[in-house]
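> Sharing a structure, written as structure tokens. Questions coming.
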Amino acid sequence: MCLAVPGRVLALSEKDGTTMAEVDFGGVRKDVCCQYVPDVRTGDYVMVHVGFAIQMLDEESALRTLEEFEHLGVLEEEFGDQFALAAQQAGVEAPAAAAGNGTRGAGR
Amino acid sequence: MKYLDEFSNPELAQKLLEQIDAATTGRWAIMEVCGGQTHSIIRHGIDQLLPDGIELIHGPGCPVCVTPLELIDKALEIAARPGVIFCSFGDMLRVPGSTDDLFRIKSAGGDVRVVYSPLDALNLARDNPDREVVFFGIGFETTAPANAMTVYQAQRLGVRNFSLLVSHVLVPPAVAAIMESPTCRVQAFLAAGHVCSVMGTAEYPPLAEKYSVPIVVTGFEPLDILEGIRRTVLQLEQGRHEPENAYPRAVRDEGNPAAMAMLRDVFDVTDRTWRGIGMIPGSGWRLSERYREFDAEARFDVGGINTAESEICRSGEVLQGLIKPHECAAFGKECTPRNPLGATMVSSEGACAAYYLYRRLELQEAGAHA
Numbered sequence: 000m001c002l003a004v005p006g007r008v009l010a011l012s013e014k015d016g017t018t019m020a021e022v023d024f025g026g027v028r029k030d031v032c033c034q035y036v037p038d039v040r041t042g043d044y045v046m047v048h049v050g051f052a053i054q055m056l057d058e059e060s061a062l063r064t065l066e067e068f069e070h071l072g073v074l075e076e077e078f079g080d081q082f083a084l085a086a087q088q089a090g091v092e093a094p095a096a097a098a099g100n101g102t103r104g105a106g107r
Numbered sequence: 000m001k002y003l004d005e006f007s008n009p010e011l012a013q014k015l016l017e018q019i020d021a022a023t024t025g026r027w028a029i030m031e032v033c034g035g036q037t038h039s040i041i042r043h044g045i046d047q048l049l050p051d052g053i054e055l056i057h058g059p060g061c062p063v064c065v066t067p068l069e070l071i072d073k074a075l076e077i078a079a080r081p082g083v084i085f086c087s088f089g090d091m092l093r094v095p096g097s098t099d100d101l102f103r104i105k106s107a108g109g110d111v112r113v114v115y116s117p118l119d120a121l122n123l124a125r126d127n128p129d130r131e132v133v134f135f136g137i138g139f140e141t142t143a144p145a146n147a148m149t150v151y152q153a154q155r156l157g158v159r160n161f162s163l164l165v166s167h168v169l170v171p172p173a174v175a176a177i178m179e180s181p182t183c184r185v186q187a188f189l190a191a192g193h194v195c196s197v198m199g200t201a202e203y204p205p206l207a208e209k210y211s212v213p214i215v216v217t218g219f220e221p222l223d224i225l226e227g228i229r230r231t232v233l234q235l236e237q238g239r240h241e242p243e244n245a246y247p248r249a250v251r252d253e254g255n256p257a258a259m260a261m262l263r264d265v266f267d268v269t270d271r272t273w274r275g276i277g278m279i280p281g282s283g284w285r286l287s288e289r290y291r292e293f294d295a296e297a298r299f300d301v302g303g304i305n306t307a308e309s310e311i312c313r314s315g316e317v318l319q320g321l322i323k324p325h326e327c328a329a330f331g332k333e334c335t336p337r338n339p340l341g342a343t344m345v346s347s348e349g350a351c352a353a354y355y356l357y358r359r360l361e362l363q364e365a366g367a368h369a
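Chains as they are written, first to last, in numbering that gives the first Met the number 0: chain A, 0 to 107; chain B, 0 to 369.
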């Protein structure tokens, strides 16, 4: 749970007084709060933990880490359906689908 | 060396291992604090690739594992209430409370939702003004800035039907508690990289000095871990005990100043009980006075909690690095990821889960030959 995944900032916007960004993680896109990385610009790479950019990252290390995480299946663990993963671990059916079962984007 | 070809760069891994091997003359016990690192180590067999003189001791850095049982039981009680939308990270779903877990509460009809970001929970509160939305705010310093910003926004935007059930824990006081323990065998630490991405490295020089231990900030990828171990072994062999940053691409000495300023505003340091370990002074954060109105513990009157921990589960000793998971008699028998007795068996950062996932067959074979 202390993992941070590198992603590339595609677009920045202002929402509710905070800087939000659409961030691409090797094909998965999420809304990410960039309030803690005030110098961020479109095209930059950031380290993202639970929907928040916590540090900037250079492109070369970001791409290397992303490749490694994809190889290790980390991206699936991070962005997959958590109820399905839990159900698989428990050896039971996932609870009936309900809003919020998946990983809803952070923006509004 | 059977795992080496699974490294993304086997040549570099080989080179690092050769350097570690060449440097090692003594016997050294090194603790990796973070459960994410534990999983990487066991999955890639890093502990088995190292020279015999080096033992890796798995630390308590699994936030869902150390969240106190009483708070889990409170969470389950709140999550089962009508009118509540209970939000959590996915990691928490199957962590056993005294009699239940969030996954079963959901199956029984409770409105439990997994969110990617705590801001998703705040947005749910804004979309559902007639419901109470509670977010289970757990985690180490890496996660705390996200929860802090969410509470800050809840107050700024006046979202009164949102609250946070808080159980944040801190790494440096845990390092001190481990070193103070009379049973401590740890001679050096791999510090958790992403905790330091937020907090920087300033907290470690006094600890390295006081306890004469090398503390090497280390990343999470297999090669990062080998590099952290290499630097740690060099210090140990040379009789040095210094803080060192082996993960500079993601960790700056000053940390993330904007996040740290928000943490100072939203949280106060408090004593915190760690599940399986006990109370560690000054080892947690709670909401500061200014944000206390968003504290779910105060908002929901949850009385009459009688906690009951499994009598045979030894996860506390696993979390303190006193035993390895398979040294617990229940490991793989009464206790499996399907029927966990302790949180360490279900969390993606729990040491028991790592051994069960990646070592079970090997351990069974070794047992059969013993």
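Beta carbons: idealized from backbone N, C-alpha and C, even for Gly.
If B/Val-65 sits next to B/Gly-341, beta carbons under 8 Å apart, how far is it from one beta carbon to the other, in whole angstroms?
B/Val-65 to B/Gly-341, Cβ: 11 Å. No contact.
> So the candidates are B/Glu-292, B/Glu-253 and B/Cys-61; which of them puts its Cα closest to the Cα of B/Arg-155?
Ranking B/Glu-292, B/Glu-253 and B/Cys-61 by Cα distance to B/Arg-155 puts B/Glu-292 first.
> Would you kindly report the start and end of the unbroken beta strand (DSSP E) that includes A/Thr-18?
A/Thr-18 -> beta strand (DSSP E) spans 17-24.
> On the criterion of 16 or more Cβ atoms from any shown chain inside 10 Å, does B/Asn-160 qualify as buried, or is it exposed?
Result: buried.
> Could you tell me the boundaries of the beta strand (DSSP E) in which B/Gly-138 lies?
Start and end: 131-138.
> Which residues does DSSP pair with B/Asp-267 in a beta bridge?
Answer is B/Arg-285, bridged to B/Asp-267.
> Could you name the residues of the same chain whose beta carbon sits closer than 8 Å to that of A/Arg-40, not counting the 5 residues immediately before and after it, in chain order?
Within the same chain, A/Arg-40 has close Cβ partners Val-8 and Leu-11.
> When the Cα of B/Met-344 is compared with those of B/Gly-108, B/Cys-61, B/Leu-169 and B/Val-165, which residue comes out closest?
When each option's Cα is compared against that of B/Met-344, the closest is B/Cys-61.
> Examine chain B for any beta-carbon lying closer than 8 Å to the beta-carbon of A/Leu-74, and answer yes or no.
It does not: the Cβ of A/Leu-74 has no partner Cβ on chain B nearer than 8 Å.
> My guess is that B/Val-301 and B/Trp-27 are in contact by the Cβ rule of under 8 Å, so how many angstroms apart are they, rounded?
With 8 Å as the limit, B/Val-301 and B/Trp-27 do not qualify as a contact, their Cβ atoms being about 46 Å apart.
> Would the region 10-30 of chain B count as touching the region 197-210 of chain B if we require 3 or more Cβ pairs under 8 Å?
The region 10-30 of chain B is not in contact with the region 197-210 of chain B.
> In the DSSP assignment, what residue or residues form a beta bridge with B/Val-216?
B/Ala-190 and B/Asn-244.
> Would B/Asn-146 be called buried (16 or more neighbouring beta carbons within 10 Å of its own) or exposed?
B/Asn-146 comes out buried.
> Find the nearest neighbour of A/Gly-72 within the set A/Phe-24, A/Asp-57 and A/Ser-60, judged by alpha-carbon distance.
Of the listed residues, the one whose Cα sits closest to A/Gly-72 is A/Phe-24.
> Pick out whichever of B/Ala-307, B/Tyr-151, B/Pro-59 and B/Pro-324 has its Cα sitting closest to the Cα of B/Lys-73.
For B/Lys-73, the nearest C-alpha among the options comes from B/Ala-307.
> Give the secondary structure of B/Val-150 by DSSP, where H, G and I count as helix, E and B as strand, and everything else as coil.
In the structure shown, B/Val-150 sits in a helix (DSSP, three-state: H, G or I).
> Run the CB neighbour count on B/Ser-346, radius 10 Å, all protein chains shown included, and call it buried at 16 or more, exposed below.
By the neighbour-count rule (16 or more Cβ atoms within 10 Å), B/Ser-346 is buried.
> Name, in chain order, the residues that DSSP records as bridge partners for B/Val-113.
Bridge partners of B/Val-113: B/Ser-87.
> I'd like to know whether the C-beta of A/Cys-32 is nearer than 8 Å to at least one C-beta of chain B.
Answer yes: the Cβ-Cβ gap between A/Cys-32 and chain B drops below 8 Å somewhere.
> Given B/Tyr-151, which residues of its chain have a CB within under 8 Å of its CB, disregarding the five upstream and five downstream residues?
Same-chain partners within the cutoff: Met-261, Asp-264, Val-265 and Tyr-290.
> Please tell me whether B/Gly-227 and B/Leu-189 are closer than 8 Å, where the distance is taken between their beta carbons.
Yes, Cβ-Cβ distance for B/Gly-227 and B/Leu-189 is below 8 Å.
> For A/Ala-3, does the count of other Cβ atoms within 10 angstroms reach 16, so buried, or fall short, so exposed?
The residue is buried, with at least 16 neighbouring Cβ atoms inside 10 Å.
> Any idea if B/Met-0 is buried or exposed, counting beta-carbon neighbours within 10 angstroms, 16 or more meaning buried?
At B/Met-0, the pLDDT of 41 sits below 50, so the modelled position is not reliable; the number obtained from the coordinates is stated separately. Exposed, since its Cβ has fewer than 16 Cβ neighbours within 10 Å.
> Might you give, ordered along the chain, the residues of its own chain that have their beta carbon closer than 6 Å to the beta carbon of B/Phe-134, omitting 5 neighbours on each side?
Cβ neighbours of B/Phe-134 beyond the five flanking positions: Cys-86, Pro-117, Ala-120 and Leu-163.
> Would you verify that the beta carbon of A/Phe-51 is, or is not, closer than 8 Å to some beta carbon of chain B?
So yes, A/Phe-51 belongs to the interface.
> Are there 16 or more other CB atoms within 10 angstroms of the CB of B/His-43, so buried, or fewer, so exposed?
Buried: at least 16 other Cβ atoms inside 10 Å.
> State the CB to CB distance for the pair B/Met-148 and A/Phe-51, rounded to an integer number of angstroms; the pair is presumed to be in contact (CB under 8 Å).
The pair is a contact, with the Cβ atoms about 7 Å apart (cut-off 8 Å).
> On the DSSP bridge assignment, give the partners of B/Ser-211 in chain order.
Answer by DSSP bridge pairing: none, since B/Ser-211 is not bridged.
> Quick check on DSSP: helix, strand or coil for B/Glu-253?
In the structure shown, B/Glu-253 sits in coil (DSSP, three-state: anything other than H, G, I, E or B).
> What residues from chain A crowd round B/Phe-102, counting only those whose CB sits closer than 8 Å?
Phe-82, Ala-85, Ala-86, Ala-89 and Pro-94, listed in chain order.
> Can you give me the Cβ contacts of B/Arg-358 inside the same chain, cut-off strictly under 8 Å, excluding the 5 residues immediately before and after it?
Answer for B/Arg-358: Ile-41 and His-325, listed in chain order.
> Of the residues that make up the region 3-27 of chain A, which ones have a beta carbon closer than 8 Å to any beta carbon in chain B?
So the close ones are Ala-3, Asp-15, Gly-16 and Thr-17.
> How many Å lie between B/Ile-19 and B/Ala-191 at the Cα?
Approximately 20 Å between the Cα atoms of the pair.
> When you compare the CB of B/Gly-89 with every CB in chain A, is at least one pair closer than 8 Å?
Judged by the 8 Å Cβ criterion, B/Gly-89 is in contact with chain A.
> Beta-carbon separation of A/Ile-53 and B/Thr-217 under 8 Å?
Cβ atoms of A/Ile-53 and B/Thr-217: not closer than 8 Å.
> By Cβ distance below 8 Å, which residues in the same chain neighbour B/Asp-382 in space, the five residues on each side in sequence not counted?
No information on residue 382 of chain B is available, as it lies outside the stretch 0 to 369 that chain B covers here.
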